[in-house]
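Enquirer: Quick one: the structure is below, questions incoming.
In the working numbering, the protein residues as written are 142 to 208.
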């Protein structure tokens with residue numbers, strides 16, 4: 142597709158290429174954010190077993206209470 146677009150409309154090809162390059166450069170960041178959010182909102186196995194409510198969690202805070 143990109144080869145054909147380059148021949149049909151070189152100006153549009155350049156714009157599309159820049160957008161795709163930017164997306165490729167940023168997608169690992171979005172994936173990391175999604176993974177972080179997934180695990181921030183998922184209780185730990187021992188918390189699920191105890192039936193505890195989901196605790197407040199912040200990055201940088203260890204579960205054993207130490208910094």
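Beta carbons are placed, not taken as given, at the ideal position from N, Cα and C, and that holds for glycine. Please read all numbers here as calculations on a predicted model, not as lab measurements.
Is it the case that the Cβ atoms of residue 147 and residue 154 are separated by a distance below 7 Å?
Expert: Yes. Within cutoff.
Enquirer: For a test of the three-state rule: what should DSSP assign to residue 151, helix, strand or coil?
Expert: Looking at residue 151 - three-state DSSP - the assignment turns out to be helix.
Enquirer: Do you know offhand how far residue 189's Cα is from residue 175's?
Expert: 22 Å
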